[in-house]
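What follows is one structure encoded as C-alpha cells, with my remarks underneath.
2 protein chains.
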Amino acid sequence: MPHIKKTKNLQKKMSAFEQACRAAGLKLTHQRLEIYRELAMSSDHPSAESLYKRLKKKLPTISQDTIYRTLSTLEEKKLIKKVQTVDSQARFEAQMTQHHHLICDKCKQIINFQWKGFDDVSLPEEVAQLGQIHNKNVILLGICRECLEKQKK
Amino acid sequence: MPHIKKTKNLQKKMSAFEQACRAAGLKLTHQRLEIYRELAMSSDHPSAESLYKRLKKKLPTISQDTIYRTLSTLEEKKLIKKVQTVDSQARFEAQMTQHHHLICDKCKQIINFQWKGFDDVSLPEEVAQLGQIHNKNVILLGICRECLEKQKK
DNA sequence: GTACTAAGTCGTAAAAATTACGATTAATGG
DNA sequence: CCATTAATCGTAATTTTTACGACTTAGTAC
Chain A
47 MPHIKKTKNL QKKMSAFEQA CRAAGLKLTH QRLEIYRELA MSSDHPSAES LYKRLKKKLP
107 TISQDTIYRT LSTLEEKKLI KKVQTVDSQA RFEAQMTQHH HLICDKCKQI INFQWKGFDD
167 VSLPEEVAQL GQIHNKNVIL LGICRECLEK QKK
Chain B
47 MPHIKKTKNL QKKMSAFEQA CRAAGLKLTH QRLEIYRELA MSSDHPSAES LYKRLKKKLP
107 TISQDTIYRT LSTLEEKKLI KKVQTVDSQA RFEAQMTQHH HLICDKCKQI INFQWKGFDD
167 VSLPEEVAQL GQIHNKNVIL LGICRECLEK QKK
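Protein sequence lines, in the order shown, are assigned to chains A and B. Just add 46 to the spot in the first sequence (first one is 1) and you have the numbering used here. Just add 46 to the spot in the second sequence (first one is 1) and you have the numbering used here.
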C-alpha cells in the first residue's frame, strides 16, 4: 500500500519539522506548518508563486508576504532549500538529504537523483584550496525523458 | 608582460565574437560589442544591473532594455552563459570553456575552476537514463579564501 | 556613395517577482 | 488565563525583468 506509506512518511516529516522548529525557536503556526506540508508533498520544486496558489485553496486568506517570509526563514534555518536555477523565479524543496538535480531545458522541470560515487569522491587539492566547501553538487542540463518522448511523436 | 597578453586575449575574444555574431546572423552593433567586451573583461559574473552601470560610463544613453535583450539573445545563441544562482538577480559570464563554480555564501562571489577528473568521468547508467544530458556541472557552496582571511582578523 | 530594409536601440512604461510596513492575531511560557 | 513577542494579514513599495512604438543604424545591393 504505497499511499499509506507516503502518508506515514509525511507524518514523520511533519513531526520532525515540528521538532526542528522548536529547536530553532520558531513558533508552530498553522500557516508555517501548511507551507511546509505543501512543499514536502511536492516533488516539482515549486516556486513561491505556485505554493501561494496551491495554499490558497486550504488557507484562502494567506498572504504572499507570509509565503515569501516563511520560505526564507525556513531556508535560513536550513529546514528547506532554495534550488539553483537560471530562471527568474526562485524554487524550493523540502528534501534535505544529499542529492543532485537535472534541469530540463524544455519543460524546466527539476528532477532529483542520487550519485553516491560522486558524493564519495573528494575534491582535487587545488580545488579544495579555493575555500571552505560546505556542499558539493552536480547540476545536469538537458532534456528529460518525458520531453524526449513527446518529441518522437 | 601580463597586461599586454590580456589585451591580446581580449582582442582575440572580440574577433571570435564578431565571427560568431555573423555566423548567427546578428548585426555588429556598437552596443552589442561593448556589452560583450565588458562581460568578457569581467571575472565576477556580473548581473544585468551591474553591466548597465558599468556600461553607462562609456555609453551614457544605453538603455536597460538593450542590456537585457542583448544578454538574452547572446545566451540563446550560446555566445554567453547565464549562471545558476539562488539569488534573485541573474548573473552572466562570457567564459564558454568547460568549468565549474564555487559560490561564496558570504560575499556571493562566483569563482571558476577546472576539474578535469570530473569532466572525464561518465554518468552512472541510472542517471544517464533520466534524459539526454547536454551539460554536467559541479557547484560548490562554501566560503571563499578571501572571506576566510577576513574572518581570522 | 546612396538607398533600402530589417534588425537593433532608446525612452518609457508595464509586468513579474520580491520585500516592507503598520495594525492585528495567535503561539508560547509562566 | 495572561502577558509577551513572534508571526500574519492586507496593502503597498521596491526590485528585477520584459514589452512597446518611434526612431536609428548595420548590412547589402545597386
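Ideal placement from N, C-alpha and C gives every residue a C-beta, glycine not left out.
On the DSSP bridge assignment, give the partners of residue i in chain order.
i        : result
A:Leu186 : A:Leu148, B:Lys182
B:Ser96  : Answer by DSSP bridge pairing: none, since B:Ser96 is not bridged.
B:Phe159 : B:His146
In the structure shown, what three-state DSSP assignment does residue i receive?
i       : result
B:Gly71 : coil
At a cut-off of 7 Å, would you count residue i as near the ligand NAP, judging by its Cβ distance to the nearest heavy atom?
i        : result
A:Glu139 : Summarising the ligand content, the structure contains no ligands, and the ligand NAP is consequently not present.
Rounded to whole angstroms, how far is the Cβ of residue i from the Cβ of residue j, which I believe are closer than 8 Å?
i        : j        : result
B:Gly188 : A:Ile179 : 4 Å
A:Ala94  : A:Ile113 : 5 Å
A:Leu204 : A:Gln77  : Nothing about residue 204 of chain A can be read from this structure; chain A reaches only from 47 to 199.
B:Ile185 : B:Ile149 : 7 Å
A:Ser118 : B:Ala136 : Wrong, their Cβ atoms sit about 19 Å apart, outside the cutoff.
If the cut-off is 8 Å on Cβ atoms, which residues from the region 118-141 of chain A count as contacting chain B, listed in chain order? Lys128, Val129, Gln130, Thr131, Val132, Ser134, Ala136
Mind listing, in chain order, the continuous alpha helix (DSSP H) runs of no fewer than 4 residues lying wholly within the region 100-141 of chain A? 110-122
Quick one, which residues of the region 166-190 of chain A are near chain B if we go by CB-CB under 9 Å, in chain order? Val167, Leu169, Pro170, Glu172, Val173, Gln175, Leu176, Gly177, Gln178, Ile179, His180, Asn181, Lys182, Asn183, Val184, Ile185, Leu186, Leu187, Gly188, Ile189, Cys190
Chain A contacts from the region 146-163 of chain B (Cβ-Cβ distance under 9 Å): His146, Leu148, Ile149, Cys150, Asp151, Ile157, Phe159, Gln160, Trp161, Lys162, Gly163
Near-chain A residues of the region 68-97 of chain B - C-beta to any C-beta below 9 Å: none
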